[in-house]
Amino acid sequence: MTDMQASQAAHEEHFAHPNYWVVWAALAALTLVELGVAFLPWPRAVVVLILVVMAVWKAVLVALYFMHLRFEANRMRIFALAPLPLAVIIVIAVMTEFIW
Amino acid sequence: MTSVAAAADHAHHGETHELSFVRKYVFSTDHKVIGIQFLLMSLVFLFVGGLLAMLIRWQLGFPNEPIPGGAALPETMAPGGILLPEFYNSLVTMHGTFMIFFAIMPLLVGVFGNYLIPLKIGAPDMAFPRLNMWSFWVAVPAGILMLSGFFVEGGHAAAGWTSYAPLSAVSEYTGVSAGQKIWLLSIAILGLSSILGATNYITTVVQLRAPGMTWFRLPLSIWALFITAILVLLAIPILSGAAIMLFFDQTLGTHFFDPAGGGQPLLWQHLFWYFGHPEVYILILPAMGMVSDIIANGSRKPVFGYHSMVFAIIAIAFLGWIVWGHHMFQSGMNPRLGTGFMISTLLIAVPSAIKTFNWMGTMWLGSLRFHVPMLHAISFVAMFVIGGLSGMFMASTPVDIYIHDTYFIVAHIHYVLFGGSLFAIFGAVTYWYPKMFGRLMNPFWGKVHWLLTFVFFNCTFFPMHTLGVYGHMRRIYDPTQYEFLQPLMGINRFITISAFLLFASQIIFVVNFVMGWFRGARAGENPWEDNGLEWTVPSPPPHGNFATVPTVHHGPYEYSAPGVVEDYLPQNRPLPDGAGRDAR
Amino acid sequence: MTHAAAMRAPAGREMGAGVYNEKLGIWVFLGSEVMFFTALIGSYIILRFANPGAFAHPGKVLNIPITAINTFLLICSSVTMVKAFAAANMGDMGKMKLYLVATTLIGASFVGVQVYEYLHLIHAGFLPSGIREGSELAELAVAGELGLGSADPAVAGVYGSSFYTMTGFHGFHVTCGVVCMAYVTIKAFRGKYTQADHRGIEVVGLYWHFVDLVWIILFTIVYLV
Chain D
56 MTDMQASQAA HEEHFAHPNY WVVWAALAAL TLVELGVAFL PWPRAVVVLI LVVMAVWKAV
116 LVALYFMHLR FEANRMRIFA LAPLPLAVII VIAVMTEFIW
Chain L
2 MTSVAAAADH AHHGETHELS FVRKYVFSTD HKVIGIQFLL MSLVFLFVGG LLAMLIRWQL
62 GFPNEPIPGG AALPETMAPG GILLPEFYNS LVTMHGTFMI FFAIMPLLVG VFGNYLIPLK
122 IGAPDMAFPR LNMWSFWVAV PAGILMLSGF FVEGGHAAAG WTSYAPLSAV SEYTGVSAGQ
182 KIWLLSIAIL GLSSILGATN YITTVVQLRA PGMTWFRLPL SIWALFITAI LVLLAIPILS
242 GAAIMLFFDQ TLGTHFFDPA GGGQPLLWQH LFWYFGHPEV YILILPAMGM VSDIIANGSR
302 KPVFGYHSMV FAIIAIAFLG WIVWGHHMFQ SGMNPRLGTG FMISTLLIAV PSAIKTFNWM
362 GTMWLGSLRF HVPMLHAISF VAMFVIGGLS GMFMASTPVD IYIHDTYFIV AHIHYVLFGG
422 SLFAIFGAVT YWYPKMFGRL MNPFWGKVHW LLTFVFFNCT FFPMHTLGVY GHMRRIYDPT
482 QYEFLQPLMG INRFITISAF LLFASQIIFV VNFVMGWFRG ARAGENPWED NGLEWTVPSP
542 PPHGNFATVP TVHHGPYEYS APGVVEDYLP QNRPLPDGAG RDAR
Chain E
6 MTHAAAMRAP AGREMGAGVY NEKLGIWVFL GSEVMFFTAL IGSYIILRFA NPGAFAHPGK
66 VLNIPITAIN TFLLICSSVT MVKAFAAANM GDMGKMKLYL VATTLIGASF VGVQVYEYLH
126 LIHAGFLPSG IREGSELAEL AVAGELGLGS ADPAVAGVYG SSFYTMTGFH GFHVTCGVVC
186 MAYVTIKAFR GKYTQADHRG IEVVGLYWHF VDLVWIILFT IVYLV
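Chains as they are written, first to last, in the working numbering: chain D, 56 to 155; chain L, 2 to 585; chain E, 6 to 230.
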């Protein structure tokens with residue numbers, strides 16, 4: 056950890072800091088709503104869809120604000136996003152064994 | 002000038018502390034030492050894999066006859082020197098396992114990834130040198146563990162290197178219990194080593210390129226290693242996850258792949274091949290990259306179509322994720338899914354074909370130098386074409402239904418992995434040996450080794466196409482039990498004898514490799530008159546590689562450049578007109 | 006340039022990802038972790054589609070209230086983590102240390118609650134191999150109380166298998182995170198981080214948020230669906 060590396064780290068990271076407590080409140084609220092939705096008497100598929108959307112929403116909030124992807128350069132974001140299509144492909148493809 | 006001297010001094014300040022032997026050669030964090038460590042380890046496992054193949058071939062060439070000297074083998078493996086069928090199953094399993102995971106992968110990715118990346122991009126070492134050291138020292142116990150499986154009760158894993166469930170999950174089916182668990186644990190541990198390595202390689206190539214080393218001035222070997230590292234990073238964890246689930250099926254009584262408990266055997270196949278197909282591109286892309294470098298050097302010409310070569314590598318990597326089902330056409334999977342896989346598999350032939358034509362275009366009207374690495378590189382192209390062409394037959398589902406699990410597949414595998422990857426490895430080892438050890442391997446014996454290997458390789462594996470089309474299945478202990486296979490035993494015997502001669506020919510390579518350390522002609526900085534940055538530093542390079550950080554002015558293939566006296570121009574020397582340019 | 010300086014992305018013409026090496030490294034590594042959890046979680050999703058009757062209705066086997074609180078705790082630890090990083094960024098080393106301690110403690114509590122839950126479930130008869138014969142849960146299964154596809158408790162084999170594997174490996178990752186967090190906290194109290202250089206905090210933080218992110222997905226699709 057030399058001075059050069061340290062100053063380079065400082066130079067790069069003049070950070071934008073959002074209000075983390077607001078994000079926390081959003082996450083808490085979403086969790087509570089999920090707990091409510093899970094036991095609604097609606098058709099199962101609808102409930103599941105809403106729950107999954109909310110879970111993904113929470114995950115995106117964590118990624119964007121806590122992991123700072125909202126403020127990173129595109130070059131950096133690519134590394135975070137790259138695995139996601141691969142995750143989707145395997146699940147969808149194998150699901151077709153059972154539902155197509 | 003004084004700042005340069007100070008820089009040089011600073012760069013070597015690690016040496017002035019005089020590290021102990023253990024810190025310098027055993028637990029080294031120097032990428033060059035780690036690369037050589039991987040080389041020595043992998044060559045040992047290449048030998049082990051070859052030995053297992055010899056046993057397999059003995060059984061197929063001379064079924065149920067005692068192996069000469071086979072009485073030395075334990076009763077559990079070969080009583081009276083005659084292989085047991087159960088042991089034969091573990092032989093075919095472990096031959097594939099050792100060759101793929103402990104020989105070819107570490108040779109291509111562990112050796113050349115480690116050795117070449119920092120040198121060829123102009124960096125002093127990897128981004129995370131200590132992580133690199135861990136990468137090697139995690140691989141070693143994985144290898145030792147894998148070897149130990151031969152000596153446990155029940156013998157080694159015997160469900161194929163693909164370890165399909167439920168055969169692999171239920172020990173009653175194979176009689177193997179501990180061996181299969183060892184296999185899974187070893188693979189999981191090796192996976193960790195690979196993932197750490199991939200993280201290092203990717204970060205290094207992105208972050209540590211020397212000034213002027215833009216993406217389109219990178220040598221193709223580095224492009225290939227970089228893309229391969231991404232494949233390793235994303236594919237290996239799938240195998241790790243699947244292996245863990247299979248391990249739990251065996252040890253904790255889980256039911257992931259067990260129909261009785263609600264599990265799905267096909268899930269294993271999908272997960273395995275979702276890893277497995279990117280894996281085969283991991284096993285070929287670095288070879289393709291290094292072959293490009295060697296062919297350009299041996300032709301004294303730039304690589305034909307550099308940009309299309311890069312895009313072809315990327316296309317192969319991309320498409321490689323959506324073709325995995327072509328390993329499963331016979332599995333009973335959803336036929337609609339199968340159709341999709343057939344189309345994507347036929348497509349992936351295109352970028353490979355582009356690369357093949359570009360290699361030929363590179364050589365066309367070149368001032369050809371048939372040095373040993375060039376001979377291997379040209380053989381790579383020719384043998385890979387054969388392997389690729391047989392792949393076209395498999396891509397077509399109706400044809401594959403017939404040839405799946407026959408020796409046609411075995412022929413394909415070995416044309417791409419031996420005819421392809423291993424020839425490239427022989428060429429690459431010969432090519433970078435002088436840089437690693439400061440001496441050259443003997444060129445005459447190198448050519449003898451190449452010729453014998455080439456001839457015996459084709460004699461061994463080409464006839465397997467015929468066997469396969471005749472219906473000779475894979476992994477079979479005694480073909481003579483089927484009347485329709487009995488006429489093929491002559492071919493099997495021919496293959497076996499060729500295989501023995503092929504194995505014996507490798508002694509020449511080993512002797513040449515070892516003798517080179519002691520008797521090889523001393524190599525200067527740049528014995529091949531190559532343009533890469535590694536050839537601008539001493540052989541072997543000092544710790545820290547470059548006394549001063551190089552500046553890159555142009556691409557790596559400025560051979561026979563107009564206005565330059567020599568027919569090569571290293572990347573850190575400017576072009577005569579002073580212009581900088583990308584690789585052409 | 007010094008050896009050390011050459012180990013970072015060259016200045017001038019901007020090459021590299023625009024961040025320091027360790028930050029790119031952890032993101033790259035997290036890519037592999039995404040694929041690892043894809044294998045485990047993806048398999049669960051697939052098995053659920055293949056065999057819906059193997060899985061109990063929400064809340065019948067697993068304890069939603071306790072786990073919901075645990076989820077909330079983990080989210081809180083993510084906030085304290087990023088606040089620690091922000092504090093270091095602003096130069097408030099005191100606050101940074103406080104938030105690091107909070108993160109470590111909350112993280113450890115999460116693991117503790119999970120272990121407690123596991124013991125509870127095992128006692129009730131929920132195992133990686135499914136529902137134990139003769140257990141409390143087996144009786145409920147036979148009585149049709151769990152919402153399984155059949156009255157035979159053996160049908161729930163994959164339920165236990167996928168539950169314990171997914172949450173178990175997540176818990177393992179959290180545990181590793183807590184250990185790293187403790188290490189970073191100790192380093193912080195030794196004064197090793199400055200406003201100029203607190204890379205370790207950000208790197209551990211990114212790992213920590215990832216582990217939280219995975220749990221957010223897991224809680225919903227394992228407990229609530």
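Every residue gets a Cβ at the ideal spot worked out from N, C-alpha and C, and that includes glycine.
> Less than 8 Å separating the beta-carbons of G472(L) and A412(L)?
Replying inline: no
>> My output table needs one value for F131(E): the three-state DSSP class, helix, strand or coil.
In response: strand
>> Is there a Cβ of chain D sitting closer than 8 Å to that of Y620(L), yes or no?
In response: Because chain L spans 2 through 585 in this model, residue 620(L) falls outside it and cannot be assessed.
>> Using the three-state DSSP reduction, which class does P138(D) fall into: helix, strand or coil?
In response: helix
> So with Cβ pairs under 8 Å, would you call N26(E) a contact of chain L?
Replying inline: yes
> Which partner residues of I136(E) appear in the DSSP bridge assignment?
Replying inline: F131(E)
> Name the chain L residues whose beta carbon is nearer than 7 Å to that of L45(E)?
Replying inline: G242
>> Counting only beta-carbon separations shorter than 8 Å, does M375(L) have a partner in chain D?
In response: no
> Taking all protein chains shown into account, do 16 or more other C-beta atoms lie within 10 angstroms of the C-beta of I37(L), making it buried, or fewer, making it exposed?
Replying inline: buried
> For G579(L), which residues of its own chain have a beta-carbon under 8 Å away from its beta-carbon, when the five flanking residues on both sides are left out?
Replying inline: none
> Count the other CB atoms within 10 Å of the CB of Q265(L); is the residue buried (16 or more) or exposed (fewer)?
Replying inline: buried
>> Let's test the definition: count the other Cβ atoms within 10 Å of the Cβ of V5(L) and tell me whether it reaches 16, buried, or not, exposed.
In response: Reliability fails at V5(L), whose pLDDT of 45 lies under 50, so the model's placement of it is uncertain and the value that follows must be treated cautiously. The residue in question, V5(L), is exposed, as its Cβ has fewer than 16 Cβ neighbours within 10 Å.
> So what does G180(L) bridge to, in DSSP terms?
Replying inline: H157(L)
>> Please classify A81(E) as buried or exposed, where buried requires at least 16 other C-beta atoms within 10 Å of its C-beta.
In response: Looking at the sequence shown, residue 81(E) is not Ala but Cys. Burial call: buried.
>> Please tell me whether F381(L) and H415(L) are closer than 8 Å, where the distance is taken between their beta carbons.
In response: no
>> Against M334(L), what residues of chain E qualify as contacts under a CB-to-CB distance less than 8 Å, listed in chain order?
In response: Here the premise fails: no neighbours, minimum Cβ distance about 13 Å.
>> Tell me which residue opens and which closes the alpha helix (DSSP H) that L132(L) is part of.
In response: 130-149
>> Is there a Cβ of chain D sitting closer than 8 Å to that of W322(L), yes or no?
In response: yes
>> Does D10(L) come out as helix, strand or coil in the three-state DSSP assignment?
In response: Per-residue confidence for D10(L) stands at a pLDDT of 44, beneath the threshold of 50, marking its modelled position as unreliable; the derived number appears in the next sentence. Note: D10(L) maps to helix in three-state DSSP.
> Which stretch, first to last residue, makes up the alpha helix (DSSP H) that contains K356(L)?
Replying inline: 336-364
> When burial is assigned at 16 or more other CB atoms within 10 Å of the CB, is Y364(L) buried or exposed?
Replying inline: One point to set straight first is that residue 364(L) is Met, not Tyr, in the sequence displayed. Classification of M364(L): buried, given that the 10 Å Cβ count is 16 or more.
> Where do the N-terminal and C-terminal ends of the alpha helix (DSSP H) with Y408(L) fall, by residue?
Replying inline: 408-417
> With 16 as the cutoff for other CB atoms within 10 Å, does V216(E) come out buried or exposed?
Replying inline: buried
> What's the gap between the Cα of I228(L) and the Cα of P541(L)?
Replying inline: 27 Å
> Based on the DSSP secondary-structure assignment, which residues constitute the bridge partners of R440(L)?
Replying inline: R523(L)
> For the putative contact between G420(L) and G388(L), defined by C-beta atoms under 8 Å, what is the C-beta separation to the nearest angstrom?
Replying inline: 6 Å
>> Tell me the DSSP secondary structure of H555(L) in three-state form.
In response: strand
> With DSSP run on the structure shown, which of helix, strand or coil describes M186(E)?
Replying inline: helix
> Which term fits R520(L), buried or exposed, when burial requires 16 or more other beta carbons within 10 angstroms of its beta carbon?
Replying inline: exposed
> Can at least three beta-carbon pairs, one atom from the stretch 82-98 of chain E and one from the stretch 276-294 of chain L, be found at a separation below 8 Å?
Replying inline: no
> Near G418(L), what residues of its chain come up, given a Cβ to Cβ distance below 7 Å and the 5 sequence neighbours on each side ignored?
Replying inline: It is worth fixing the name first, because residue 418(L) is Leu in this sequence and not Gly. Here the set comprises I105, L284.
>> Going by beta-carbon coordinates alone, are L153(E) and G58(E) separated by less than 8 Å?
In response: yes
>> Quick check: what's the CA-CA separation for M474(L) versus A297(L)?
In response: 41 Å
> From which residue to which residue does the alpha helix (DSSP H) around Q487(L) run?
Replying inline: No alpha helix (DSSP H) contains Q487(L), which DSSP labels as neither H nor E.
>> If contacts are defined as beta-carbon pairs under 8 Å, then A128(L) and Q60(L) qualify, I think. What distance do you get, rounded to the angstrom?
In response: 48 Å between Cβ atoms; not a contact.
> Does the distance from the C-beta atom of I31(E) to that of Y212(E) stay below 8 Å?
Replying inline: yes
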